[in-house]
Every structure is written in C-alpha cells, then in structure tokens.
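Undergrad: For the sequence shown, the residue numbers in this note's numbering are 10 to 138.
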Amino acid sequence: MKELEADREVKLELLISYLLIIGVITAVVLEVIGITLYYGSYGNVAYSQAPNVYITGENFFTFVIERIQNLLVTENALAFMAAGIIVLVLVPFVRAIASCLFFAWEKNWKYVLITLFVLVVLTVSLAFH
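1) For a cutoff of 8 Å on Cβ pairs, would you count Tyr-47 as touching chain D?
2) Pop quiz: Phe-134 and Thr-124 are said to be a contact at Cβ under 8 Å. What is the actual Cβ separation, rounded to whole angstroms?
3) If Gly-32 sits next to Val-96, beta carbons under 8 Å apart, how far is it from one beta carbon to the other, in whole angstroms?
4) Secondary structure at Phe-137, three-state DSSP: helix, strand or coil?
5) Assuming Glu-75 is part of the alpha helix (DSSP H), what are its boundary residues?
6) Within the continuous alpha helix (DSSP H) that includes Asn-85, where are the two ends?
7) Could you pull out every residue in the same chain whose Cβ sits closer than 7 Å to the Cβ of Glu-70, ignoring the five residues on either side in sequence?
8) Can you give me the C-alpha to C-alpha distance between Leu-23 and Asp-16, rounded to a whole angstrom?
9) Let me know the secondary structure DSSP gives Val-54 once reduced to three states.
Take a look at the structure:
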C-alpha cells in the first residue's frame, strides 16, 4: 500500500517538475525572441519610456485579454516579450490547477482543499495585482 502511495507522489512530482521546466523554458524562449526582434527593429535594447512598453490594465487577466486582442496590432517584439511574461506568471497558476486535479483524481480531499485555497489566493492576487 505504501509503495502505491509513494508511486503516486513520484508521479505528482514528475508532473509538477515537467510543468515548471516547460513553462520556464517557454517563457525564456519567448523573451529571447522578443529581445532579438526588438534589437533588430531599434538597433539596441535600451530601456524605453514609451507607454506601449509598460504592462497596463486593471489586472493581470485584463492584461492577458488585451494582449490577445491586440496580437496583430502590437509590435512583434513587444508581443513576444509580453507573452513571455504572461507564461512566466501563469506557471504557478497552472501548477496549482494541475495539483488540484491530481489530488481530486486521487480522492485526497484534504489536499484538494489546500490546493484550492492556494489557487484562490493566486487568482485573487492576479485579479487585484
């Protein structure tokens, strides 16, 4: 019985580690593409005070929706960099969702409640920055 429980824990750890690795690598690749495109467009990577460079919006979810809606209008470099930031911020959020689903599948209701609490805290923090 303990071997089966240990095997489940290993599966959860593997799932979470793959989610984290894939999320961080994806974010880094998007940032590198964005910085490369930015350098190609402007010839430098100097800090800009242009309003279109800043992350704006009422909350993170509004920011994500605005980026998706303006995907074809925005400069490619800034779109890639914004996508990299979005992916990086969403990695812990997706991790919490995956953990909650895993614990629900395993019928471990104590950990489902704990993970749901973490998910609510993350959602509120992203919604109200």
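Beta carbons are placed, not taken as given, at the ideal position from N, Cα and C, and that holds for glycine.
Treat the numbers as computed from the prediction; the structure is a model and nothing was measured.
TA: By the coordinates alone:
1) Going by chain labels, chain D is absent from the structure shown, which holds only one protein chain.
2) Here residue 134 is taken as the residue at index 125 of the sequence shown, counted from 1. Here residue 124 is taken as the residue at index 115 of the sequence shown, counted from 1. Residue identity check: residue 134 is Ser in the sequence provided, not Phe. Wrong, their Cβ atoms sit about 16 Å apart, outside the cutoff.
3) Position 23 of the sequence shown, counted from the first residue, corresponds to residue 32. Position 87 of the sequence shown, counted from the first residue, corresponds to residue 96. About 6 Å; that satisfies the 8 Å criterion.
4) Numbered from its first residue, the sequence shown carries residue 137 at position 128. Phe-137: coil per DSSP, three-state reduction.
5) As a working note, residue 75 is residue 66 in the sequence shown. 69-78 is the span of the alpha helix (DSSP H), which, as asked, contains Glu-75.
6) Translated into positions along the sequence shown, residue 85 becomes position 76. Looking at the DSSP string, the run of the alpha helix (DSSP H) that includes Asn-85 is 85-114.
7) Taking the sequence shown and counting its residues from 1, the one referred to as residue 70 is at position 61. Strictly speaking, residue 70 in this sequence is Phe, with Glu absent from that position. Correct list, in chain order: Leu-135 and Ala-136.
8) Here the question's residue 23 lines up with position 14 in the sequence shown. Here the question's residue 16 lines up with position 7 in the sequence shown. Looking at the two C-alpha atoms, the distance is approximately 11 Å.
9) Locating residue 54 in the sequence shown gives position 45, where the first residue counts as 1. Val-54: coil per DSSP, three-state reduction.
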